[in-house]
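First to last, the sequence lines map onto chains A and B.
For what it's worth, our numbering labels the leading residue of the first sequence as 1, then goes sequentially.
For what it's worth, our numbering labels the leading residue of the second sequence as 425, then goes sequentially.
Glycine included, each C-beta is placed from N, C-alpha and C at the ideal position.
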Amino acid sequence: MNCKYACNTVEHGVSRRAFLGGAAGMGLGMLANPLLAKGLNSQQKRVLVVFLSGGVSQLETWDPKPGVVTGGPFRAIPTSVPGIHISELLPYTASWMHKLALVRGINTKENDHGKGSYIMHTGRRQEPANEYPHLGSVCSKLLNEDKNPLPGYLNITPNGSGGQSTKDAAYLGPKFGSVSISDGKAPLNLEKPTGINTEAEMQRHLLRQSANERFYSRRKSAMTEAYTQTYDQARLLMEKRGLFDITSESSKISDRYGKHDFGRHCLLSRRLLEGGATFVKVSHTNYDTHHENFDFHIEQLGEFDRTFATLLEDLDTRGMLDSTLVVVMSEFGRTPTINRNFGRDHWGTAWSVAMGGCGIQKGAVVGKTNATGTAVVDREVNGGHLFHTYLKALGFDSKKNFYVDQRPLPMADPKASPIEEILL
Amino acid sequence: MQKEEKKDAPKPVEPAKPVAPSFPGFDPVATRLSKEFKHTSALLACRYEPSGKFLFTSGQDNTLQRWEIETAKKTDMAGHSSWVRAMVFALKDKILISGGYDGQILTWNYESAEPIPMRQVLAHQGWIRALGIDNTGKKLVSCGNDGRIAIWSIPEVKPIHSWQGHESHIYQVAFHPSGQEIVSVDLKGMVRIWDLTGKKIREVEAKALHKYDAGFGADIGGARSLAFSPNGSSLALSGITNVSNAFAGIGNPVILLIDWATGKITQTLAPKEKFQGTMWGVAFHPAGFVVGTAGGNGGMLWFWKPDQPNDFAVIKLPDNARDLAIAPDGKSVAIPFYTGFARTYDITPNLNPPKEVPPKVVPPKVVPPKT
């Protein structure tokens, strides 16, 4: 279901945008996807999703099975929580297990990248007639204050062109869509053009505001609302552009995160969360290891482990971890069977997710797979259960509805429920 | 203009059929399966014991297996807590030395009825992918994912010297046959030659053996196998090249030959027919040809003359090959497989070739006319 607009015509949108750009004299249409920041509200709840794209192996991370035919070459190591062992590829994360929880009984019954990703982002299976909002959009709607200069759903991607994905918000409306930050680079045109002083900038803003209000009074829609918010955010973001400048961090700090892309992106995540962001998703690519799964997991998790532990430490040190829901997820796990090319293939049948922080029990484990990791034998859950859990951890009643045109739309899959054992 | 008369035209000379090179006592073209050994787990590596009585393999169940070649009797050898791909023999002390992905070096009394680990040393932080033994059998060299190279005394496995050799994971290490130099190769195809004190003598970039796949954000490559020519003048490295998709293993098997004296890459050995996969094993045969085996889109075993880029003989294997060892008498090649089989292939002339069976003549089916 899409958000209703008063006017769906492309022409109308373009002419209005063109008018605003022309009136302002600086082409603010370039700032269709602004990011604005404000100081940290210590009471604010936030979400950090670390998405290990391609499908990280549960056997090489959260649910190792050393010594069995499916186990692979890696051993399990003890963690800071007695009795919980994880893969030896995560020694730094292991020392933070007392702040994390593991869900080891996930069965999403989905081995397709796109469909698995959809389940993990929305808590629902894809349906031909319906679109469901991403967790980031839901959090943007529920948690983000209207006056927050930062967009509610920030998506730091390893590459791509950046921009906004209104589709992620589905029926919630375009203003809750994700804003991509490609390779951690700040959105374009955050600098004030030379020759325009503060007074001129204010006059330009007032003119635009006046035009907006006149238009808004006659043609109010989700889209026009998003346009207005976009321009307001853009103004504030220009003053907060320093948030994106990770070079302002000391070399000691950037060394702790790592000089690689994922390190830079996680450092930016911390700065954005600290700067008031509501929902930040940072992706690490890639784990789709059909070939030489073990070599590639050494490489990729070698980057992930230390960086992720550093991010947890920094959130904790700043007193932000208990109010930040942290989730490490993938679109699925990987097959217990090791294929003839030392690879593991797609596997949605029995895999794991790690989470921690806001509303999550520290050092908990729920769910269990069998000795060889081929099936869930205790407390099987799916993407719907996880979605309910995230919302409840943030303090929301996940059984409630959103209302679009007075029509109730469940926040999370009504067939699932929160994983209470892992919640505080 | 006079027309050329066809009947007077000289007959085109048929190109000479390629003649397989001759190696007295050996005939790679006639390569054929000779023995099969079956383990319960996928196999990773294999080595012949120097007397030729035993073949040793390693499996994904973390064990080694000793196979009595004549009887196929198997003895399992447990001791490592991870996979093993490195095995060398110290002849004088009659010990097998294994290096595992658990970072450990183990020594085994391999002739004993039930071999057990005699010494167990945590040698590296992270995987040991290769070991080398010098020509006296008294020095062992190891390498690890920690980037370190270490020399050990044998049979004690006491450290003599170690140093940080590479910035990325080390895939291969070996003594030069002279025993005076060491070669190491890392994931990024960097080949480094060292003296025994750890002083770098020279380095060679084997760029063909490495690619950073930007799409997946990961490096793929390294030398998956290494061999010296019998006189030590040439070094062979095998791996994967032309990688277009690292995580699907889309690339081609390759062997690089490097002149030891100059450090120059002198030859690139590749299959004549295109094949997708990784060259997991390479060896110089004492008769002068190079043997390579690959796994990927199936398995293959190739034979090259070192001065020719394309193979002169090839046989298709029943599955992905994962390593290669030449028997001490040179008469056979052993290969471990994913399916748990270790197979040996006879490369001597076939004195009893199978008779060619004429194709069966099948009479055409007579279809009765429709009524």
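N- and C-terminal bounds of the beta strand (DSSP E) containing residue i
| i | result |
| --- | --- |
| residue 490 of chain A | The requested residue 490 of chain A does not occur in the structure, where chain A is confined to residues 1 to 424. |
| residue 493 of chain B | Where residue 493 of chain B is concerned, there is no enclosing beta strand (DSSP E), given that its DSSP letter is neither H nor E. |
| residue 637 of chain B | 634-637 |
| residue 737 of chain B | 737-741 |
| residue 651 of chain B | 649-652 |
Residue i to residue j span [Cα, whole Å]
| i | j | result |
| --- | --- | --- |
| residue 174 of chain A | residue 167 of chain A | 7 Å |
| residue 328 of chain A | residue 60 of chain A | 14 Å |
| residue 699 of chain B | residue 461 of chain B | 26 Å |
| residue 693 of chain B | residue 727 of chain B | 10 Å |
| residue 210 of chain A | residue 217 of chain A | 11 Å |
| residue 734 of chain B | residue 712 of chain B | 15 Å |
| residue 66 of chain A | residue 77 of chain A | 10 Å |
| residue 640 of chain B | residue 334 of chain A | 16 Å |
| residue 812 of chain B | residue 648 of chain B | Past the boundaries of the shown model lies residue 812 of chain B; chain B is included only from 425 to 795, so the question cannot be answered. |
| residue 373 of chain A | residue 72 of chain A | 12 Å |
| residue 416 of chain A | residue 531 of chain B | 55 Å |
| residue 796 of chain B | residue 660 of chain B | For residue 796 of chain B there is no data in the structure shown, the boundaries of chain B being 425 and 795. |
| residue 80 of chain A | residue 362 of chain A | 11 Å |
| residue 760 of chain B | residue 450 of chain B | 22 Å |
| residue 670 of chain B | residue 644 of chain B | 6 Å |
| residue 548 of chain B | residue 475 of chain B | 30 Å |
Minimum Cβ-Cβ distance from residue i to chain A less than 8 Å
| i | result |
| --- | --- |
| residue 571 of chain B | no |
| residue 671 of chain B | yes |
| residue 596 of chain B | no |
| residue 484 of chain B | yes |
| residue 428 of chain B | Note that residue 428 of chain B scores 48 on pLDDT, short of 50, meaning its location in the model is unreliable; the coordinates nonetheless yield the value given after this. Not an interface residue. |
| residue 642 of chain B | yes |
| residue 525 of chain B | yes |
| residue 507 of chain B | yes |
| residue 465 of chain B | yes |
| residue 676 of chain B | no |
| residue 412 of chain B | This structure cannot settle anything about residue 412 of chain B, because the visible part of chain B is limited to 425 through 795. |
| residue 769 of chain B | no |
| residue 720 of chain B | yes |
| residue 796 of chain B | Since the displayed chain B opens at 425 and closes at 795, residue 796 of chain B lies outside it and no answer follows. |
Proximity test, Cβ basis, 8 Å: residue i and chain B
| i | result |
| --- | --- |
| residue 336 of chain A | no |
| residue 60 of chain A | no |
| residue 370 of chain A | no |
| residue 112 of chain A | no |
| residue 291 of chain A | yes |
| residue 285 of chain A | yes |
| residue 183 of chain A | no |
| residue 78 of chain A | no |
| residue 64 of chain A | no |
| residue 67 of chain A | yes |
| residue 341 of chain A | yes |
| residue 408 of chain A | no |
| residue 35 of chain A | Note that residue 35 of chain A scores a pLDDT of 35, beneath 50, so its modelled location is shaky; the value from the coordinates is reported in the next line. No, because no Cβ of chain B sits closer than 8 Å to the Cβ of residue 35 of chain A. |
| residue 174 of chain A | no |
| residue 264 of chain A | no |
| residue 193 of chain A | no |
| residue 256 of chain A | no |
| residue 75 of chain A | yes |
Residue environment, residue i, which counts as buried when at least 16 other CB atoms sit within 10 Å
| i | result |
| --- | --- |
| residue 188 of chain A | exposed |
| residue 202 of chain A | exposed |
| residue 172 of chain A | buried |
| residue 63 of chain A | buried |
| residue 537 of chain B | exposed |
| residue 632 of chain B | buried |
| residue 151 of chain A | buried |
Extent of the continuous alpha helix (DSSP H) to which residue i belongs
| i | result |
| --- | --- |
| residue 252 of chain A | 251-257 |
| residue 262 of chain A | 261-274 |
| residue 692 of chain B | Here residue 692 of chain B belongs to no alpha helix (DSSP H); instead the beta strand (DSSP E) covers 689-693. |
* If you pair each beta-carbon of the stretch 502-516 of chain B with each one of the stretch 480-487 of chain B, do three or more pairs fall below 8 Å? -> The stretch 502-516 of chain B, when compared against the stretch 480-487 of chain B, does touch it at the 8 Å Cβ threshold.
* Using 8 Å as the threshold, is the stretch 371-380 of chain A in touch with the stretch 121-131 of chain A, meaning 3 or more CB pairs across them? -> No: fewer than three Cβ pairs fall under 8 Å.
* Asked: Which residues, in order along the stretch 295-317 of chain A, keep a beta-carbon less than 9 Å from a beta-carbon of chain D?
  -> Given the protein chain composition of this structure (A and B), no chain D is represented.
* With contact counted as at least three CB pairs below 8 Å, one residue from each stretch, are the stretch 242-250 of chain A and the stretch 278-293 of chain A in contact? -> Between the stretch 242-250 of chain A and the stretch 278-293 of chain A there are fewer than three C-beta pairs closer than 8 Å, too few to call the two in contact.
* Is the stretch 663-672 of chain B close to the stretch 300-313 of chain A, with three or more CB pairs under 8 Å? -> Under the 8 Å Cβ criterion, the stretch 663-672 of chain B does not count as touching the stretch 300-313 of chain A, having fewer than three qualifying pairs.
* Count the CB pairs spanning the stretch 564-571 of chain B and the stretch 583-597 of chain B that are closer than 8 Å, and state whether there are at least three. => Contact holds: three or more Cβ-Cβ distances are below 8 Å.
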